[in-house]
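Report on one structure; see the data block that follows.
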Amino acid sequence: MTSQLCSTVLFLAIMMFLSFNQPADWIKAGSEPRRYEMDTDRSIHHKGRSVMTIKSIETGIKGFGALMQTVDAGKYSGKRIRMTGYLKSKNVTGWSGFWLRINQANSAKPISIDNMQDRAIKGSVGWREYKIVLNVPDTASTITFGALLSGEGQIWFDENIQLEIVGSDVPITGINNSLNTISPLNIITQANLDSTRYLTKGDKRLNAPYLTLSYDLNNIDSVEWVYAEIKVPQGEAPLHTYYSVIGGNLFYSGIQTISKTERRIIFSVWDANSGDNDKEKVPDSARAVLLAAKKNIVYSRFGNEGSGVHTHYVYDWKEDSTYKFLIHAVPDSFKNSTTFTLFVDFDKHWEMIAKIRTPQSQGYPKYIHSFIEDFSTRDDEHRRSASFENVWVRKTNGAWKEITQAIFNLPFGDKNRKFKDYGCALSTSFGFMLSSGGGYTGTYIPVPALIKRNAKGIVPLKTMPE
Numbered sequence: 033m034t035s036q037l038c039s040t041v042l043f044l045a046i047m048m049f050l051s052f053n054q055p056a057d058w059i060k061a062g063s064e065p066r067r068y069e070m071d072t073d074r075s076i077h078h079k080g081r082s083v084m085t086i087k088s089i090e091t092g093i094k095g096f097g098a099l100m101q102t103v104d105a106g107k108y109s110g111k112r113i114r115m116t117g118y119l120k121s122k123n124v125t126g127w128s129g130f131w132l133r134i135n136q137a138n139s140a141k142p143i144s145i146d147n148m149q150d151r152a153i154k155g156s157v158g159w160r161e162y163k164i165v166l167n168v169p170d171t172a173s174t175i176t177f178g179a180l181l182s183g184e185g186q187i188w189f190d191e192n193i194q195l196e197i198v199g200s201d202v203p204i205t206g207i208n209n210s211l212n213t214i215s216p217l218n219i220i221t222q223a224n225l226d227s228t229r230y231l232t233k234g235d236k237r238l239n240a241p242y243l244t245l246s247y248d249l250n251n252i253d254s255v256e257w258v259y260a261e262i263k264v265p266q267g268e269a270p271l272h273t274y275y276s277v278i279g280g281n282l283f284y285s286g287i288q289t290i291s292k293t294e295r296r297i298i299f300s301v302w303d304a305n306s307g308d309n310d311k312e313k314v315p316d317s318a319r320a321v322l323l324a325a326k327k328n329i330v331y332s333r334f335g336n337e338g339s340g341v342h343t344h345y346v347y348d349w350k351e352d353s354t355y356k357f358l359i360h361a362v363p364d365s366f367k368n369s370t371t372f373t374l375f376v377d378f379d380k381h382w383e384m385i386a387k388i389r390t391p392q393s394q395g396y397p398k399y400i401h402s403f404i405e406d407f408s409t410r411d412d413e414h415r416r417s418a419s420f421e422n423v424w425v426r427k428t429n430g431a432w433k434e435i436t437q438a439i440f441n442l443p444f445g446d447k448n449r450k451f452k453d454y455g456c457a458l459s460t461s462f463g464f465m466l467s468s469g470g471g472y473t474g475t476y477i478p479v480p481a482l483i484k485r486n487a488k489g490i491v492p493l494k495t496m497p498e
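Per my numbering, the very first residue in the sequence shown carries number 33; after that it's consecutive.
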């Protein structure tokens with residue numbers, strides 16, 4: 033697969049200059065551009081707009097044709113971007129897809145690329161939305177994007193392709209030549225943590241840093257259920273720590289130490305389009321709505337990080353104990369909304385925490401993540417760690433898929449850290465161990481990094497809760 037992708041990259045680089053009656057703003061490229069008709073198709077529309085098409089005009093084609101545009105990387109430098117487009121296909125004998133490439137000046141080799149070959153569009157498929165996510169490092173000079181068709185058939189795509197900056201919690205797709213692959217990692221035990229406690233004094237800091245794990249859902253669609261477990265080691269739960277067990281597009285859930293006498297289970301869902309920092313400015317039609325909740329749930333609206341519905345349940349969760357979380361996502365195309373429900377296992381009995389519907393957006397989770405956040409005002413001598421374990425997803429057809437790799441990142445960087453006392457390792461129980469603070473460097477690895485764990489191989493649930 034890697035050699036095929038590299039071949040595609042080289043062909044695109046070689047053929048970039050070719051243009052044969054090219055449509056406005058688009059450059060014809062590929063290994064066999066003369067064997068394809070590439071132009072605007074005004075007989076077909078998507079959302080009221082004419083569309084671009086690539087159509088084979090010969091048989092036995094061994095190469096591909098592509099349409100492409102190139103933009104300056106300047107405003108995206110140092111960011112993560114998402115490309116979103118709509119495409120449909122007819123009788124594709126090879127494969128097709130969108131593609132996105134991050135280029136470096138004076139180099140034929142791209143910094144990163146994704147041409148969807150690992151999740152290619154084949155045969156005849158109606159209009160669908162597709163997304164590609166890549167990092168744009170400071171060394172990037174240009175960004176190239178478009179669509180391609182390999183072999184015979186025809187594709188159409190809406191030329192209103194969107195490029196947007198997204199957060200580091202959105203996992204990248206494709207090949208990133210600057211990404212560290214770290215495997216195997218150290219296995220961190222309770223003894224390792226106990227032997228290195230309270231090593232530094234606190235310092236004021238500029239923000240509330242957090243560590244993230246973005247799980248790979250690249251080849252998994254229609255994810256209806258997400259399952260994950262968490263275990264916080266003894267002594268690793270200082271005040272003002274939030275452990276997000278399962279987060280995703282529009283929701284997050286986890287556990288929190290709020291004070292010396294109170295711990296909580298947290299579940300929040302954003303308003304439409306992530307809402308507004310001023311929660312009062314969001315119109316009723318765009319607000320997330322609490323549909324049901326467990327007894328004694330505290331409910332409110334949040335702001336300052338977008339806006340939405342926040343729930344918390346006061347629960348004295350314990351260190352060195354495993355807690356099981358389960359998210360259920362139900363899209364409603366008629367109401368153009370999605371309902372998210374959080375279940376938590378209490379003593380081998382699943383209970384609903386809350387059910388929240390968010391409007392103007394319907395679809396299954398496109399990505400999931402976990403993180404640790406220190407939301408205090410000081411980075412003190414206390415370390416915070418957690419093992420995020422046994423992550424699985426269940427598709428609408430009932431098939432379970434175990435998630436065994438993730439991208440580890442430190443979104444705010446480490447400019448205000450005296451020590452590289454953060455990182456990711458493996459735990460003793462099929463988990464990724466995130467650790468931050470206290471001067472402990474035993475989990476440090478460069479970021480971003482692709483990390484892997486061994487599979488457990490045992491489906492976590494046979495019967496889903498209602």
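Positions of the beta carbon are idealized from the N, C-alpha and C atoms, including for glycine.
All values derive from a computational prediction rather than experimental measurement.
query                                                                                                     : result
Three-state secondary structure (DSSP) of Arg415                                                          : coil
Inter-residue spacing [alpha-carbon to alpha-carbon] between Glu312 and Ile385                            : 25 Å
Collapsed DSSP secondary structure at Glu191 in the structure displayed                                   : coil
Collapsed DSSP secondary structure at Ala105 in the structure displayed                                   : coil
Distance, Thr273 Cα to Phe407 Cα                                                                          : 6 Å
Between the CA atoms of Trp188 and Arg81 - distance to the nearest angstrom                               : 12 Å
Continuous alpha helix (DSSP H) stretch holding Asn224: start and end                                     : Gln222 to Asp226
Per-residue DSSP class, three states only, for Gln392                                                     : coil
Beta-carbon proximity check, Ile204 vs Ile477, cutoff 7 Å                                                 : no
Collapsed DSSP secondary structure at Ser254 in the structure displayed                                   : coil
Coarse secondary structure for Ser437, derived from DSSP in three states                                  : A quick correction: the sequence has Gln, not Ser, at residue 437. It is a strand residue.
Assumed close pair Met100, Trp127 - CB separation to whole angstroms, cut-off 8 Å                         : Not quite, the Cβ-Cβ distance comes to about 17 Å (not below 8 Å), so this is no contact.
8 Å Cβ shell around Ile89 - same chain, five flanking residues per side excluded                          : Arg67, Tyr68 and Glu69
Test item: CB-CB of Ala481 and Thr436 under 7 Å                                                           : no
Contained beta strand (DSSP E) runs [length at least 3] in the stretch 165 to 191, N- to C-terminal order : 172 to 182 and 186 to 189
Beta bridge counterpart(s) of Phe27 as assigned by DSSP                                                   : For the chain, the structure presents residues 33 to 498; residue 27 sits outside this window and is missing.
First and last residue of the uninterrupted beta strand (DSSP E) at Val277                                : Thr273 to Gly280
Gly158 beta carbon less than 7 Å from that of Ala98                                                       : no
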